[in-house]
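For reference, the structure is listed below as structure tokens.
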Amino acid sequence: MAPRLRRLAGRALRTLRGPAAPTLSVVVPVYNVAAYLPECLDSLLGQSLGDLEVIAVDDGSTDACPQILASYAQRDPRLRVLRQENAGQGAARNHGVQLARGEFVTFVDSDDTIPPGAFAHMVDTLRRTGSDFCVGKTRRVHFGKPQPIRWNRVAHDRDRLGLTIDEHPLALRDIIAGNRVFRREFLVEQVPPFQPGIAYEDHVPMLMAYVRARRFDLLARTTYNWRIREDLTSTGQQKTELRNLRDRIAVKDQAHELLTAEASPVTYDAWIGRCLAVDYPPFVYSAFRATDEYRALLAETFAVLVQRATPRALAQVNPRNKAVAWLVAQGRWDDAERLIDSLDDPLTPFDTTPVGDGLTITPPPLGGLDDVPAELWRLADLSVALSAALRGVRVHDDGTLEVYGVAWVQRVEGEAPSEVAVRLVPAGTDGGTDAATDGRVPGAAHDLAVRLGEDADARVWAADSRSDVHPGVFTARLDVAALAPGTWVFEVSTTQRGLSRYGAVSRVVPGAMVPPPLSVVLAGRRVSLRLETGRGLVLDVEPAEADPADGVGAPGTDGDRVVDVTVSERGLLVAVAGAKVPDALVGPAVLPAEAGSEPGSDAGRTQVLLPLAVDDAAPPSGRYRLRGGPAALDASFAGRLPLSWTTDRVRVTLSVDADGAPVLDLGAPLSEAERNPALQARLQRTYRETSAPLRPDTVLLVAADGRAVAGDPREIDRALAELRPDLRRVWAVRDHSVRVPDDAQAVLIGSRAWFELLATAGWVITERPLGPWFARRDGQHTVLTFAGQPFRDLGVELWRAQGHSEAKVARETAAFADTWSVLLAPHEEAEQRYRAAFDYPGTVLAAGSPRTDRLLREAGPTGRAAARRRLGLDEARTGGRPVLLFSTDGGDPLPGFGRRVRPNVLTDPTDAELSRLAAATGSVVLARRGHGAGRTPASGAGPEVVDVSAHADPADLLLAADAAVIDYTATRFDWALLQRPTVLWAPDLEAARRQHPGLALFEETPLGPRAGTVEEAAALLGDLAATDESPTEAHRGPAAAADPAAHPGFNARFNALHDGAAAERVVRALFSA
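To convert, note that position 617 of the sequence shown is 660 in the numbering used here; the numbers rise steadily by one, no gaps.
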């Protein structure tokens, strides 16, 4: 429809709609999303902006969507349901727009959700600014967890109001349809309709909205939750299909024509930069395993893009994408994949050199890439920006305020800034952001007096695995009396290795106590300091009469408060003012105060000693809080945070949480260099360069990533102590809470000593790979025991599923064979699978899994009681009730062999469901959710549910349980040995089977009946407490069929070598004199 006809049609529709039009119309295309639709509708109809209509356009769904929509429409008249023959998402959106009656219109995909209050915020913004549309920040959610979106950094780091696209062309990085609200008149008259029957149909309309808008707003607030579908069925997840690539190219061709006709060169270059940085790189990964036709089409597309890219466009793209684009444009697919692999490899150095006003990286040391143009290795301008973070604020009685923090130029290594300048710049006269000057307006800026200092920890938290930056630590002092009333923005500038950058103080040093906001009266002025999303650190100054009650206005000077903390070898000494005295530190463990450790009052202070020990061992790493003590910190003390101390057993960092309450993070006592991510990566790259000889008598053992002495290595260690006492045994541990055998030693993972042992130990025995940086030295014996049985995705099939080319798969198998000299297998069938999965020519020892020796040795009542004590399940906690293990592993492949493919986030039961299961079975439920390893304890469950996801030793869980509900996890093979009631948890078996060919064996090897809901599991298990005898020995209720004793073929096939002597066989085979 021509624009003039669309305008006339729109006016006619507005006349017919009458005066009762809602404020906002929400258009929701719906197609076969029954699993997600209720959550979407609930988020829309529950918005604080109640004056809305939701137009759901059912695009011919064949699942339960029509019934769901009908049910919701019956309950809420604001939902209008339209139905059409399947014509695609674009046609459905167009249909909804034609019938929209609201002053404003927005689009929401039916598998996504809207955060509370988002619509009201966006509509209010548009009414205030008069812009044609506004765009909010998007939160991407994958498997129930948020994932970062890079465009948020450039489009939504702060509110930018009343923009044109030429003023901020990087807005084009955010071009999805769902996170914006339009004025309906603008949408109908200026924005092209969505093209039906094609993927990426939203690209051209959203692009042209930017170009044709008089003004638009970019918001820092999150207004849209974008789900990345777990079933891999969304448009963006079909990039391996040739049709999907053709649709992407067709849409880009349309955009090119329109932009060439209507956009400025600045905006066009920003769009080309987006194509190279965002849109096409994912297709490169798909192309490695695609057809020749697919690769040829993509190479042709890149050739066009490279030809169109100006230096200004290339300045917006990182070296990786620029160099890969250049190689793909020439059809050099092998070189492109080798380059990607090298840049992904933590062993590849990331060295930078200042060139002009930017940084250039040193090309990876690969043959055949010398002809890549040098300018393509220049870092994108966005990667070499200023970072500035607030460390603290001090208020002085003389009318001055001190602000101290850190600043550096990103990616610049080698030296601290030669200077740091801080000034106050007047904010826009309307109190908002002035778009034309990037948030600043001309006026009298105030340069502040600055002095530089030192902060050893700043270098640690500012670094990443690629860059060891050296921040400048500054203190800026300002005289409040010299400031005119108004709003001021702090601006920091610095020069590092000849590169000068400026920007806002946009962050807070992790754990710093910066009261948001701080409001005080100084020199006859009310001064309010706050960290504002968007503009960073902002100072408001207004006239005020001094109020004696204000004093310096610092919080935490009255009432109960912590006034000082110190750490010594004895423990944590906390000084408090007031009546509340902490009685313990509570976190991964409970650390009670030392009895009688309150030596009385000292100037109104009480001191308490909290020993940093658990049964003479260091406490487990993690976050701890003071129990029973004050929730506030004294202002003068809080300004010094974060503070750190290191003893020979633990490192303690005192900081504050988001609410300003004191928290303590305990960890391993690593040095500053060992904690620095960049220096840690350097140790990984260089540890093998040692000239020290191998020590054949040293055995280095690793289990549970160093969090426990457990698994196969534990039993091998036990056998070594008996059969080879002449060997030196060293356990790799994450911290000193891990207890090693009395005749063994411990080494901290990540320490220099750890890397020295990796390079010199004659034997390295681990249950999972140590990292891509680990390699075997000549003459070194490396033993991989695995943590389960190999009946799931691993090796070749996993790498192919991840899209690797056959050449890369061959490189992976070769590296695997070079790294491991021996693999342990529980039986011959597993040996054959390991050989096939890794194309492995080395030694595979099929002698049984040593870890099962412990299960058989401790399977009786004594072992069960000991396991429960280790889990904190004493008789008082269980009340004599049986213990039910609910174990899922999140769909992980064998640990260490690639990214997680299919976590069970959607199929794990909720805490409330587990509580119902506990009640129905009369049990205490141990909840082990593999995707949550290291997570905090479940918060929504009652005392009958114990979250043990972070427990490092699975054997304790198996030994403690009387029955189990267990999923595809390989733990089921070990559980079968105990001959206890079992229900198999498989609510998503069909989806799992499609995504995991290795799970086919799951159906061949049933341990018991299958359940898809907790109600089904409860019915199968019955009342576990219904017998006077232990259910382990006597339960014969509904779950009798679940007893593995009824399936002797399972243990005969998979556990025949698990006779309690596997560890001895392994040690005799490997360490025979």
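Yeah, the Cβ is synthetic: ideal placement off N, Cα and C, and Gly gets one too. Computed from a predicted structure; not experimentally measured.
Taking a cut-off of 8 Å on C-beta distances, the segment 131-143 touches the segment 230-243, as three or more cross pairs fall below it. Annotation note: the segment 724-767 contains the following uninterrupted alpha helix (DSSP H) runs of length 4 or greater, listed N- to C-terminal: 754-766. Its Cα nearest to that of Ala492, the residue Leu467 stands out among His138, Leu467, Glu575. Straight-line spacing of the CA atoms in Leu801 and Leu743 works out to 8 Å. Annotation: the continuous alpha helix (DSSP H) that includes Gln297 extends over 285-305. The residue among Phe929, Pro997, Ala857 with its C-alpha nearest the C-alpha of Arg913 is Pro997. For Leu1000, the enclosing alpha helix (DSSP H) begins and ends at 997-1003. Where Asp861 is concerned, there is no enclosing beta strand (DSSP E), although the alpha helix (DSSP H) around it starts and stops at 849-862. In terms of Cα proximity to Ser508, the closest of Val967, Arg894, Leu262, Gln727 is Gln727. Counting of Cβ neighbours within 10 angstroms places Glu585 among the exposed residues, the total staying below 16. Take Glu871, set aside five residues on each side of it, and the residues of its chain with a beta-carbon closer than 7 Å to its own are Ala889, in chain order.
Segment contact: the segment 568-582 against the segment 453-466, fewer than three CB-CB distances shorter than 8 Å; contact not assigned. Around the beta carbon of Arg196, fewer than 16 other beta carbons sit within 10 angstroms, so the residue counts as exposed. The secondary-structure analysis by DSSP pairs Ile98 across a beta bridge with Val70, Arg123. In this structure, the beta-carbon distance from Ser664 to Gly710 falls below 8 Å. Looking from the CA of Arg257, the closest CA among Asp209, Ala499, His246, Val446 belongs to Asp209.
If you look at Arg666, you'll find it in the beta strand (DSSP E) that goes 665-670.
Contact between the segment 769-787 and the segment 737-757 is present: 3 or more CB-CB pairs across the two stretches fall below 8 Å. Around the beta carbon of Thr696, 16 or more other beta carbons lie within 10 angstroms, which makes this residue buried. Here the segment 294-304 makes no contact with the segment 331-342; the two share fewer than three CB pairs at distances below 8 Å. Distance from the CA of Glu732 to the CA of Arg819, rounded to the nearest whole angstrom, comes to 12 Å. In this structure, the alpha-carbon of Asp490 lies about 49 Å from that of Trp797. Sequence-distant Cβ neighbours of Arg550 in its own chain, meaning closer than 6 Å and more than five residues away, are Ala432. Between the alpha carbons of Ala857 and Pro389 lies a distance of about 18 Å. Secondary structure of Thr443 (DSSP, three-state): strand. Across the structure, Leu495 and Ala787 are spaced so that their CA atoms are roughly 47 Å apart. Ranked by how close their Cα comes to the Cα of Ala368, the residues Asp217, Phe393, Phe326 have Phe326 in first place.
Phe147 is bridged by DSSP to Leu67, Arg226. For Trp863 against Leu827, the beta-carbon gap comes to about 5 Å, under 8 Å, which counts as contact.
For Ile271, the enclosing beta strand (DSSP E) has its first and last residue at 259-271.
Comparing C-alpha distances from Gln539 to each of Asn1098, Ala428, Val503, Ala632 shows the shortest one belongs to Ala428.
Looking at Val254, Asp245, Trp269, the one whose alpha-carbon comes closest to that of Val294 is Asp245. Residue burial annotation: Thr537 is buried, with at least 16 other C-beta atoms found within 10 angstroms of its C-beta. Per DSSP, Cys83 lies in no beta strand (DSSP E); the unbroken alpha helix (DSSP H) holding it starts and ends at 80-88. Counting other Cβ atoms within 10 Å of its Cβ, Arg193 stays below 16 and is therefore classed as exposed. A Cβ-Cβ distance of about 7 Å is found for the pair Ala1013 and Phe834, placing them in contact under the 8 Å criterion.
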